[in-house]
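Engineer:
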Amino acid sequence: MSTDPRGRRPRHHTAVNEVLSTLAAANTTLADVQRRLDSEFRAAYPDHANPVKLVARLKRIQEEVAAVKGLCRDLLTQKQELIDAMRTSLAVQRSAVQRLLTSSGLPPMSEEDAATDANLNQVTSPHRPLLPSLVKTRDKI
Numbered sequence: 001m002s003t004d005p006r007g008r009r010p011r012h013h014t015a016v017n018e019v020l021s022t023l024a025a026a027n028t029t030l031a032d033v034q035r036r037l038d039s040e041f042r043a044a045y046p047d048h049a050n051p052v053k054l055v056a057r058l059k060r061i062q063e064e065v066a067a068v069k070g071l072c073r074d075l076l077t078q079k080q081e082l083i084d085a086m087r088t089s090l091a092v093q094r095s096a097v098q099r100l101l102t103s104s105g106l107p108p109m110s111e112e113d114a115a116t117d118a119n120l121n122q123v124t125s126p127h128r129p130l131l132p133s134l135v136k137t138r139d140k141i
């Protein structure tokens with residue numbers, strides 16, 4: 001392979017030049033076919049109905065759903081921890097109030113106070129079984 005004195009392309013054997021020109025023509029033809037297919041595709045499917053874009057969007061949404069799912073699990077865990085801490089704190093405070101009432105000679109908590117405590121337990125008890133079932137679900141995923 002010798003270089004042209006004017007700095008142009010190197011000179012090849014005639015057969016090599018023919019192969020290179022055939023490959024260049026094929027590359028140009030393929031680029032033209034790709035442009036035509038893209039334009040036909042855009043004409044047939046507007047952006048909001050383009051299957052390729054819809055598939056890409058679907059994949060992105062699936063990734064976002066997985067991330068949000070993890071965040072929701074974390075939030076539920078924190079919520080459960082807060083509910084448990086609140087229940088424990090309220091139980092300790094109720095016990096302390098009962099001891100104070102007993103030691104001061106005042107009457108114990110009224111039925112209304114007991115009903116309020118039972119109501120609180122009823123409201124917070126549905127949250128108790130959620131966390132273990134979610135942990136099992138997360139482990140399966």
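Heads up, the sequence shown is in UniProt numbering, so the first residue is 1 and it goes up one at a time.
A virtual CB, placed ideally from N, CA and C, is assigned to each residue, including glycine.
Do you know offhand how far S125's Cα is from R73's?
Structural biologist: Residue 125 sits at position 125 when you count from the first residue of the sequence shown. Residue 73 sits at position 73 when you count from the first residue of the sequence shown. Each residue's alpha carbon lies about 19 Å from the other.
Engineer: For L101, which three-state DSSP category applies?
Structural biologist: Counting from one through the sequence shown, the residue named residue 101 turns up at place 101. DSSP places L101 in helix when its eight states are reduced to three.
Engineer: From what residue to what residue does the alpha helix (DSSP H) around S110 run?
Structural biologist: For the purposes of this step, residue 110 is taken as residue 110 along the sequence shown, with counting starting at 1. Here S110 belongs to no alpha helix (DSSP H), and DSSP marks it neither H nor E.
Engineer: Where does H13 sit, in a helix, a strand or coil, going by DSSP?
Structural biologist: Here the question's residue 13 lines up with position 13 in the sequence shown. The answer is coil: DSSP assigns H13 none of H, G, I, E or B.
Engineer: May I ask you to report which of helix, strand or coil DSSP gives N27?
Structural biologist: Locating residue 27 in the sequence shown gives position 27, counting from the first residue. Of the three classes helix, strand and coil, the one that applies to N27 here is helix, per DSSP.
Engineer: Take R94 as the anchor and find which of L82, A114 and I83 has the nearest alpha-carbon.
Structural biologist: One-based indexing of the sequence shown puts residue 94 at position 94. The shortest C-alpha separation from R94 is found at A114.
Engineer: Any idea what DSSP makes of N50, helix, strand or coil?
Structural biologist: For the purposes of this step, residue 50 is taken as the residue at position 50 of the sequence shown. Correct three-state label for N50: coil.
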